[in-house]
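*Asks:* Right, I'll just put the structure down here and ask away after.
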Amino acid sequence: IAIAMASEAAKRSRTVILVLGDSDRPGRIGAAQMALLQSLRRANDRLILVSTGGLPVDPVVGDAPLDCILHAGRLGSMSGHAIAEVLTGESGPSGKLPIAVRGAGGEIALPFGHGLTYGDFDVSNIRIEMSGRTADATVTLTNRGRFDGTETVQLYLARSDERGRAGVPRLAGFQRVSLRTGERQDVTFAIAAAATA
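For the sequence shown, this note's numbering assigns the number 1094 to the initial residue and increments by one for each residue that follows.
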């Protein structure tokens, strides 16, 4: 009855915001929560899922990904205010996943380092300059979107084996950069020889 009442209310709403906490399996949506989520999604496709708890959830529900998920993590005293600021655009999301999110079948649904912002950022003009036993890797970051935003530029390194095949990339550095719409900035990482060993 409660799900049916919520779905009827969702039909009359412009946007639905659903907050779900940890189930008995962190990072997974419980059966009752999933039934509610699917019912609300059928009633109104303008659905925002706010997930709380230690792990983000798989964005695929049924056969299709949700359009909007905000993982709020473990809530504190100012979490409600912070979530409202992000959802209304007063503050832009800028977090990146510290883990990969796996789907129900074990496949990677969202990779390590994934995270979106309200800005539309473009990385271009990649260049590397060698200097002794260090290398400077530089990229140009441009905010081509309609909104100001903060992007986390990430540097990954991978060693090649004797056959020239690249190994598993690992995060070697990151920088958070805030840009106004239309603004661009060069971002440089200094890579020591030891970092590639």
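Using N, Cα and C, we set each Cβ at its ideal position, and we do this for glycine too.
1. Which same chain residues end up closer than 8 angstroms to P1262 when comparing Cβ atoms and leaving out the 5 residues on each side of it in sequence?
2. Would the segment 1179-1192 and the segment 1204-1213 be scored as touching if the rule is three or more Cβ pairs under 8 angstroms?
3. As a quick exercise: from G1155, S1271, A1265 and I1201, pick the residue whose alpha carbon is nearest that of F1282.
4. Reducing DSSP to helix, strand and coil, say where G1257 ends up.
5. So M1127 is in the beta strand (DSSP E); what residue range does that whole segment cover?
6. Quick check: the segment 1137-1146 against the segment 1098-1114, are there 3 or more CB pairs under 8 angstroms?
7. Among A1128, E1255, S1106 and L1234, which residue has its Cα nearest to the Cα of R1273?
8. Looking at G1242: is its Cβ nearer than 8 angstroms to the Cβ of F1214?
9. Compare the beta carbon distance of T1145 and A1165 with 8 angstroms and say whether it is the shorter of the two.
10. Assuming the contact rule is C-beta atoms closer than 8 angstroms, L1130 and A1099 should be a hit. Round their C-beta distance to whole Å, please.
11. List the whole-angstrom C-beta distance separating L1148 from G1120, where the pair is believed to meet the contact cut-off of C-beta under 8 angstroms.
12. Can you list, in chain order, the residues of its chain whose CB lies under 8 angstroms from that of I1201, leaving out five sequence neighbours each side?
13. Identify the continuous beta strand (DSSP E) that holds V1179 and give its terminal residues.
14. Can you give the beta carbon distance from E1244 to G1212, rounded, assuming they're within the 8 angstroms contact cut?
15. Only counting the same chain, and skipping five residues up and downstream in sequence, which positions put a Cβ closer than 6 angstroms to that of E1178?
16. Hey, quick one: how far does the beta strand (DSSP E) through T1162 stretch, first residue to last?
17. Taking the alpha-carbon of E1101 as reference, which of G1199, S1224, N1236 and L1133 has the nearest alpha-carbon?
18. At what residue ranges does the segment 1094-1122 contain a whole run of the beta strand (DSSP E), taking only runs of 3 or more?
19. Quick check for students: name the residue ranges of the beta strand (DSSP E) that lie wholly in the segment 1225-1271, counting only runs of 3 or more.
*Replies:* In short:
1. Taken in chain order, the residues that qualify are Y1249, L1250 and A1251.
2. yes
3. Taking only the C-alpha atoms, the option nearest F1282 is A1265.
4. coil
5. Not the beta strand (DSSP E): M1127 falls in the alpha helix (DSSP H), residues A1124 to A1136.
6. yes
7. L1234
8. Their beta carbons are under 8 angstroms apart, which means G1242 touches F1214 by this criterion.
9. yes
10. The beta-carbon separation of L1130 and A1099, rounded to 10 angstroms, does not stay under the 8 angstroms limit for a contact.
11. 3 angstroms
12. Apart from sequence neighbours up to five positions away, the residues of its chain that approach I1201 with a beta-carbon distance below 8 angstroms are A1193, V1194 and R1195, ordered along the chain.
13. Careful: V1179 lies outside any beta strand (DSSP E), inside the alpha helix (DSSP H) at S1172 to T1181.
14. 6 angstroms
15. In the same chain as E1178, and ignoring 5 residues on each side of it, the C-beta atoms closer than 6 angstroms to its own belong to S1184, in chain order.
16. Note that residue 1162 corresponds to Ile in the displayed sequence, not to Thr. Its beta strand (DSSP E) spans residues C1161 to G1166.
17. The option with the nearest alpha carbon to E1101 is L1133.
18. The qualifying runs are 1109-1113.
19. Counting only runs that start and end inside the segment 1225-1271, the beta strand (DSSP E) elements of at least 3 residues fall at 1227-1236 and 1242-1250.
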